[in-house]
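Chains as they are written, first to last, in this note's numbering: chain A, 300 to 641; chain B, 300 to 641. For each residue, glycine too, the CB sits at the ideal point set by N, CA and C. Quick caveat: nothing in here was measured; it's all calculated off a predicted structure.
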DNA sequence: TTGAAAGCGCTAACAC
DNA sequence: GTGTTAGCGCTTTCAA
């Protein structure tokens, strides 16, 4: 337990100045290769571990990219973080992650915590924030990206898509199949703003098709789990037994709804059509496969990363990059879809 | 975009010294309440954001807890991180996360990166590391926790359980049901050391019961997805059509295997018994529900957090805290299990 | 309860 | 390619 070996100690042991040691630890430091090798060897022997905290302060660089996501336990957001992380780590940048539990107050606190660490850029999920959070982002003096949404009045940059529009696509798909009695299962209120946008998109699309939109099942505070999807389906069948199709706010609730149908002996899609959102792995594996929307979460992360790397290179503001989601038609809404074999 | 407002600026505007501003930003700083309020108000007006990087260097505290997990996209590890994060955040500590892609070399790099940030403690998943990673951990001079496993020769503290033992429990359960032709689906090689431990535990238990253990399906490099579970099931049915039961390395592969049975019209559990691991949500929702093992991932995280908080209070080493996993019997291995309604 | 001086461990800037 | 000097923005320490 050789604590607190410092650059000075390495320098002394290697017979060079601290500055040369410092350079030896940079990729592009102009040091003679043999000198560098000798220094790194000595450092390793002494058990020296470079101290970023000092470097951070002096160089005014932390190489952190701050990110807030609603939940760490969601494959979609995890994919976005993975995509982002993989791209920025190539440039020596590290993701500093915080989660908000779908709560704007918690988001505000997370943003402040993160900004105190002096990240090079900050990524937030969605476009709705408390006034103070928005102020913090606006005056952060670093690139800001709002992801997973298309806010009407962005703080700075945006990488996302219209959640509402995806539901219009979905309703149109169902109407084309001849369905009219279509329900929606989602979370209540607007804690999950993307979920709320999808609900609004659904309502709007129903109206546009001249259909009544009175089969909205609120399954509780977001995120809606598989289990909540199942009980929402049970409630729907009780309240509106003649429902033909149900649009779920995510694949997880859609899968839950599907299992509830299985338990009741309802055939999907013959007796009930079900759709989800997110293109989670389960959607392409369950029987029948789920009709869903792929928002390309990893691509969102990668594109966010590229935007940030560019913005750090030469400052640019208010860029908007749309990632076009894709309707994935599965067996849960179509009788003649090929079955995906494992 | 009011960049670089410093404590000095706040001090001047508030008519106090920097030190008083510093104290106002600490919880326990001895400052007159009115003075503090005035300072915080001025700070907010100036758009001042506290600079941790300077505080970190001077106080030699970062309030980071470093954590490495194999994958960010795994609900079990996500639960552990959430449990850990929730407990430590109450003490003003923040999780600094890195992932290793089930790769020891990548783990070594992640550990070095993390240690450079001077965390207060470090948590790694599992007990197998490269020699250099082990040396880094041993000489880090901070509490180290190996989680999710019971390494034979721990670096320092341990919070985990025996993966092998859970498989013995599972095999015993299946043998009690009268099954003898039992297969195993898992990843190949030992990249996922916990998965490998489960495979070894399975083999050992089969031998102990006097059963032959020649139905091992290797589904590729870990982690094994639902889809890979499905194709592994297909392969199993081809190679060993008379198999009665299959133990899968995780619920995800188990669910994939279940869907493959469904596609082939095989009834579960009548024609094929399936078990998983992890107690992922899907295990308790799918039809039939999956027999699985709950390792209580969140509890592992919470217990790890408590151990760390204690160790930071008063140094202690080589503590081992076992979290007892629990067999969860579902409909996939028992005909008379109550069906869980959504 | 408040302030002044010193310095955490590195690197920017400049000299050679 | 290498060394010297100064200092990043806070907090420790000591004094009042």
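Beta-carbon gap between residue i and residue j smaller than 8 angstroms
i	j	result
residue 553 (chain B)	residue 575 (chain B)	yes
residue 602 (chain A)	residue 458 (chain A)	yes
residue 600 (chain B)	residue 439 (chain B)	no
residue 517 (chain A)	residue 564 (chain A)	no
residue 432 (chain A)	residue 406 (chain A)	yes
residue 356 (chain B)	residue 413 (chain A)	no
residue 288 (chain A)	residue 592 (chain A)	As shown, chain A starts at 300 and ends at 641. That puts residue 288 (chain A) outside it, with no answer to give.
residue 521 (chain B)	residue 401 (chain B)	yes
residue 361 (chain B)	residue 419 (chain B)	yes
residue 537 (chain B)	residue 555 (chain B)	no
Beta-carbon contacts of residue i that lie in its chain and below 7 angstroms, excluding the five residues immediately before and after
i	result
residue 461 (chain B)	449
residue 631 (chain B)	557, 567, 568, 572, 573, 574, 587, 588, 589, 590
residue 339 (chain B)	323
residue 341 (chain A)	309, 312, 313
residue 304 (chain A)	345, 346, 347
residue 390 (chain B)	608
residue 493 (chain B)	425, 447, 448, 462
residue 639 (chain A)	With a pLDDT of 49 at residue 639 (chain A), under the threshold of 50, the modelled position of that residue is not reliable, and no figure is offered here.
residue 386 (chain A)	601, 604, 605
residue 506 (chain A)	512
Closest Cα partner of residue i within the set the options
i	options	result
residue 429 (chain A)	A:325, A:441, A:399	A:399
residue 504 (chain B)	B:520, B:492, B:363, B:481	B:481
residue 318 (chain A)	A:452, A:580, A:354	A:354
residue 415 (chain B)	A:388, A:350, A:618	A:350
residue 622 (chain A)	A:614, A:387, A:606, A:391	A:606
residue 580 (chain B)	B:475, B:365, B:551	B:551
residue 525 (chain B)	A:584, A:506, A:363	A:584
residue 512 (chain B)	B:314, B:478, B:333	B:478
residue 634 (chain A)	A:392, A:570, A:451	A:570
residue 515 (chain A)	A:535, A:521, A:334, A:419	A:535
residue 542 (chain A)	A:618, A:328, A:473, A:336	A:473
residue 358 (chain A)	B:359, B:352, B:362	B:352
residue 616 (chain A)	A:466, A:465, A:445	A:445
residue 497 (chain A)	A:388, A:510, A:506, A:466	A:466
residue 363 (chain A)	A:337, A:343, A:417, A:386	A:417
residue 343 (chain B)	A:618, A:411, A:403, A:332	A:411
Own chain, CB closer than 8 angstroms to residue i, minus 5 neighbours either side, in chain order
i	result
residue 301 (chain B)	Note that residue 301 (chain B) scores 48 on pLDDT, short of 50, meaning its location in the model is unreliable and no value can be drawn from it.
residue 471 (chain A)	504, 508
residue 316 (chain A)	310
residue 540 (chain B)	none
residue 240 (chain A)	Any question about residue 240 (chain A) goes unanswered here, given that chain A covers just 300 to 641.
Cβ shell of residue i (< 6 angstroms), same chain only, five flanking positions each side left out
i	result
residue 499 (chain B)	463
residue 409 (chain B)	367, 397, 399
residue 443 (chain A)	421, 436, 454, 455
residue 489 (chain A)	495
residue 384 (chain A)	394
residue 559 (chain A)	529, 532, 533
residue 610 (chain B)	442
residue 307 (chain A)	317
residue 641 (chain B)	With a pLDDT of only 39 at residue 641 (chain B), under the threshold of 50, the placement of this residue in the model should not be trusted; the figure read from the coordinates follows. Once the five neighbours on either side are set aside, residue 641 (chain B) has no close Cβ partner at all.
Contact set between residue i and chain B, taken where Cβ atoms lie within less than 8 angstroms
i	result
residue 349 (chain A)	415
residue 361 (chain A)	352
Interface partners of residue i on chain A, CB under 7 angstroms
i	result
residue 396 (chain B)	396
residue 586 (chain B)	558, 561, 562
residue 393 (chain B)	412
Chain B contact residues for residue i, given Cβ-Cβ distances below 7 angstroms
i	result
residue 355 (chain A)	352
residue 525 (chain A)	580, 581, 584
residue 374 (chain A)	372
residue 482 (chain A)	Here the premise fails: no neighbours, minimum Cβ distance about 16 angstroms.
Interface residues of chain A facing residue i [CB-CB closer than 8 angstroms]
i	result
residue 380 (chain B)	371
residue 656 (chain B)	With chain B running from 300 to 641 in the structure shown, residue 656 (chain B) is simply not present.
residue 488 (chain B)	Correct list: empty, because the minimum Cβ distance to chain A is about 22 angstroms.
residue 475 (chain B)	Per Cβ cutoff of 8 angstroms: no residues; residue 475 (chain B) is ~27 angstroms from chain A at best.
Contact set between residue i and chain A, taken where Cβ atoms lie within less than 9 angstroms
i	result
residue 615 (chain B)	Ordered by position in chain A, no residue passes the 9 angstroms Cβ test against residue 615 (chain B), which lies about 14 angstroms from the chain.
residue 463 (chain B)	Correct list: empty, because the minimum Cβ distance to chain A is about 27 angstroms.
Chain B contact residues for residue i, given Cβ-Cβ distances below 9 angstroms
i	result
residue 337 (chain A)	Neighbours of residue 337 (chain A) on chain B: none; closest Cβ ~19 angstroms, over 9 angstroms.
With contact counted as at least three CB pairs below 8 angstroms, one residue from each stretch, are the stretch 469-487 of chain B and the stretch 533-549 of chain B in contact? Flag = yes, the stretch 469-487 of chain B and the stretch 533-549 of chain B touch.
Does the count of Cβ pairs from the stretch 372-381 of chain B and the stretch 370-383 of chain A closer than 8 angstroms reach three? In this structure the stretch 372-381 of chain B lies against the stretch 370-383 of chain A, because at least three pairs of beta carbons, one per stretch, are closer than 8 angstroms.
contact_flag[the stretch 626-635 of chain A, the stretch 317-336 of chain B] where n(CB pairs < 8 angstroms) is 3 or more: With the cut-off at 8 angstroms, the stretch 626-635 of chain A and the stretch 317-336 of chain B do not touch.
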